[in-house]
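For the sequence shown, numbering that gives the first Met the number 0 gives the first residue as 0, with consecutive numbering after it. No residue lacks a Cβ here, since even glycine has one placed at the ideal position from N, Cα and C. Everything below concerns the one structure shown next.
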Amino acid sequence: MYDLIIQNALLITFDQDDRILDNATLVIDQGKIIDILPKGSVLPKAREIVNHNAQLVTPGLIDCHTHLVYGGNRADEFEMRLNGVSYEEIAKQGGGIRSTVMATRNASLDALYHSARRRLKQMMQYGTTTCEIKSGYGLDIDTEMKMLKVAQNLNTLKEVDIIPTFLGAHALPPEFDDKDQYIDFIIAKMLPVLKKENLAQVVDGFCENIGFSHAQIRRLFTHAKEHGFRLKLHAEQLSDQKGAALAAQFNALSADHLEYLAVEDIAKMRAANTVAVLLPGAYYFLRETKLPPITELLKSEVKIAIATDANPGSSPFLSLPLMMNMACTLFRMTPYQAFQATTINAAYALGIQDQKGSIEIGKCADLVLWDCEHYNQIIYDATLNYRKTTIKNGKLFA
Ligand code: NIG
Ligand code: FE
C-alpha cells in the first residue's frame, strides 16, 4: 500500500531523457517518487489516488536566488528612481541596501518571520516548492544570524524547503568605513559563528563597485572554502568585475545576474559547472538595457537558471511564472528553456540536483499539478495562476 498515486497525468520530467509522458501514473511513498508508470499500466494500491484528468504535472518550481527576509520596503526609492536618481546614486547616498539594513536591524525576529511568511505563501501559490533565502540585510553578527534563523523557522513549516545562504558581503555596514576591514571582520568573526551555529552551508557576496572588489571577494572565498562552505556570487550586475570568472575559479555553484558578463568568461563557467543564474525581474525593475550574453550562454552548454531575486530594492517579485515570462520576452529564452531554468537547472544552482528539480524515481515528490495542458500556457498566461495542487515531499497542498 503506497501513500499516493497521481493517475492520468501529463508529465514533463526534465530528467536526462527530457520525457513528456501522457496518461502516466506517479507512485509516491514516504515523500519520494518511487515509480513512473506508462499509459495502460495496472495501478498499484494506494491510500490516496488523484486523477489529474490528462493535465500537466511538472517538478515543483525552485527559486534559487531570493532575499526574502527583510524589514521595511523601498517604495520611496522606486519613486526616486523614476524621478531620475539612479540605483547606484541612491546607494551612495546611504539609501538602497543600507536603508533595508536599518529596517531589518530594527525589526524583531517575529516581525521578520511574519513578513517573510506572507511572501513565501504567495510564492507557493505560484508553484514554488524550494526557495533559497539569503541573509545580507543585517551586516552585523546578530542581525545576520537573526535573518538566517527566520529562514530556518520557515523551513520547519515543511511547506517549502528553504536553502539558507550567508550574504554578509552584501554592502558596507555603517559601523565600518573600510571595505577591507569589514571583509576581515566577516572572515574572523562571522564565518566561525556561522559554522558553529550551522545556519547556512553557502556563502555569497556582491562583487560590484557599490559592493566588494574582485580582490576582496577572492579573500572571502578563500576563507569560506577552507571552512567548507559552498559558494555563490552576485556577479556582473552593473559592471564587469570578472566576478563570474572568480566564481568559476572557486568552483562556485552559481554566478548570478551577469548582465555585464564578458563572452570570454563563459567557457570558464562551463568548465567549472558554475550555473548562470539570470534574474530578469531585477533587469526589468532597474530598467537595465544591457542584456546578459544570452545567445552565447545558450550555445555554451552552461546551465541557465532563472530566479525571482525577490528583494525590496531591485526585484520585488514573488512569482516564478512571471520571471519565466520575463526571461522569454526580455531575454528571448524559449518557454521550454525557461521551465528548465526554474526546475532542474535551479536545482543545480543550489547543489540539490540529486534530490530535486526533475520527475525521476528516487527524487523527492515535489510536484505541481497544473490546471492546463501545456507548460507554455503557464508562462504565456503568467498572471493567471494555473497551479491547482502542490505536492511537497509527498504531501498534498491545495
Ligand atoms: O540581487 N545586487 C545586490 N543585491 C540585490 C539587491 C539588493 C537591494 O537592492 O536591496 C540584488 O539585486
Ligand atoms: Fe540578489
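>> So, for L138: in the same chain, excluding its five sequence neighbours on each side, which residues have a beta-carbon less than 6 Å away from its beta-carbon?
In response: For this step, residue 138 is matched to residue 139 along the sequence shown. The answer, listed in chain order, is V100, P172.
>> Please state the DSSP three-state secondary structure of D203.
In response: Taking the first residue of the sequence shown as position 1, residue 203 is located at position 204. Strand at D203.
>> Please report the distance separating the alpha-carbon of G167 from that of G71.
In response: Here residue 167 corresponds to residue number 168 of the sequence shown, with the count starting at 1. Here residue 71 corresponds to residue number 72 of the sequence shown, with the count starting at 1. Distance between the alpha carbons of G167 and G71: 19 Å.
> Ordered along the chain, which non-local residues of its own chain (more than five positions away) have a Cβ less than 8 Å from that of I19?
Replying inline: Here residue 19 is taken as the residue at index 20 of the sequence shown, counted from 1. If we look at I19 and ignore the five residues flanking it on each side, its Cβ neighbours are L9, L10, I11, T12.
>> According to DSSP, simplified to helix, strand and coil, what is F338?
In response: On the sequence shown, position 339 is the one that residue 338 refers to. The three-state secondary structure of F338, taken from DSSP, is helix.
> Hey, L252 and H226: beta-carbon distance below 8 Å or not?
Replying inline: Against the sequence shown, residue 252 aligns to sequence position 253. Against the sequence shown, residue 226 aligns to sequence position 227. Not a contact, by the Cβ cut-off of 8 Å.
> Whose CA, out of N310, P291, P311, lies closest to the CA of A304?
Replying inline: Start at 1 with the first residue of the sequence shown, and residue 304 comes out as number 305. Selected option, being the one with the closest Cα: P291.
> Straight-line CA distance for L153 to Y347?
Replying inline: Here residue 153 corresponds to residue number 154 of the sequence shown, with the count starting at 1. Here residue 347 corresponds to residue number 348 of the sequence shown, with the count starting at 1. Rounded to whole angstroms, L153 to Y347 spans 22 Å at the Cα level.
> Excluding the five sequence neighbours on either side, which residues of its own chain have a C-beta within less than 7 Å of the C-beta of F228, listed in chain order?
Replying inline: As a first step, residue 228 is located in the sequence shown; it is residue number 229 there, counting from the start. So the qualifying residues of the chain are Q200, V201, V202.
> What are the start and end residues of each continuous alpha helix (DSSP H) run of 4 or more residues lying completely inside the stretch 121-160, in chain order?
Replying inline: Within the stretch 121-160, the alpha helix (DSSP H) runs of at least 4 residues that lie entirely inside it are, in chain order, 140-155.
> When DSSP labels each residue in this structure, what does R331 get in the three-state scheme?
Replying inline: Counted from its first residue, the sequence shown places residue 331 at position 332. Three-state DSSP puts R331 in coil, outside helix and strand.
>> Could you compute how far the alpha carbon of E287 sits from the alpha carbon of C130?
In response: Translated into the one-based positions of the sequence shown, residue 287 becomes position 288. Translated into the one-based positions of the sequence shown, residue 130 becomes position 131. Taken atom to atom, the span from the alpha-carbon of E287 to that of C130 is near 25 Å.
>> Just verifying my parser: in three-state terms, what is the DSSP assignment at V49?
In response: Here residue 49 is taken as the residue at index 50 of the sequence shown, counted from 1. Looking at V49 - three-state DSSP - the assignment turns out to be strand.
> Which residues in the same chain as A364 place their Cβ atom closer than 7 Å to its Cβ, once the five residues preceding and following it in sequence are excluded?
Replying inline: Walking along the sequence shown from the start, residue 364 turns up at place 365. Same-chain partners within the cutoff: I27, G30, K31, I32, I390, N392, G393.
> When every heavy atom of the ligand NIG is checked, does at least one fall within less than 7 Å of the C-beta of I96?
Replying inline: Counted from its first residue, the sequence shown places residue 96 at position 97. Result yes, Cβ under 7 Å from the ligand NIG.
> Would you say H51 touches the ligand FE, meaning its beta carbon is less than 7 Å from a heavy atom?
Replying inline: Sequence index remark: in the sequence shown, residue 51 carries index 52 (1-based). Outside the cutoff, so no.
> Just checking, does the stretch 50-60 make contact with the stretch 356-370 on the three C-beta pairs under 8 Å criterion?
Replying inline: yes
> Between A208 and the ligand FE, is the CB less than 7 Å from at least one heavy atom?
Replying inline: Residue numbering aside, residue 208 sits at position 209 when the sequence shown is read from its first letter. It is Asn, not Ala, that sits at residue 208 in the sequence shown. No, the beta carbon of N208 sits no closer than 7 Å to any heavy atom of the ligand FE.
> Considering only C-alpha positions, which residue in the set K195, F211, I186 is nearest to K224?
Replying inline: Residue mapping note: residue 224 aligns to position 225 of the sequence shown, counting from 1. Checking every option, the nearest Cα to that of K224 belongs to I186.
>> Quick check: does the Cβ of T99 come within less than 7 Å of any heavy atom belonging to the ligand NIG?
In response: Position 100 of the sequence shown, counting from 1, holds the residue named residue 99. Within 7 Å of the C-beta of T99 there is at least one heavy atom belonging to the ligand NIG.
> Who are H233's beta bridge partners in DSSP?
Replying inline: Taking the first residue of the sequence shown as 1, we reach residue 233 at position 234. According to DSSP, which records beta bridges pairwise, H233 is partnered with F205, D255.
> First and last residue of the beta strand (DSSP E) that includes I351?
Replying inline: Within the sequence shown, numbered from 1, the residue matching residue 351 stands at position 352. Here I351 belongs to no beta strand (DSSP E), and DSSP marks it neither H nor E.
> Quick one, which of L219, H64, V159, G93 has its alpha-carbon nearest L349's?
Replying inline: By 1-based counting over the sequence shown, the position of residue 349 is 350. With distances taken between Cα atoms, L349 lies closest to H64.
>> By alpha-carbon positions, which one of K362, T333, S314, Y374 ends up nearest to H66?
In response: Along the sequence shown, read from residue 1 onward, the residue named residue 66 stands at position 67. Ranking K362, T333, S314, Y374 by Cα distance to H66 puts S314 first.
> Going along the chain, which residues of its own chain have a beta-carbon closer than 8 Å to the beta-carbon of A381, five neighbours each way excluded?
Replying inline: Position 382 of the sequence shown, counting from 1, holds the residue named residue 381. Within the same chain, A381 has close Cβ partners S318, P320, L321, M323, N324.
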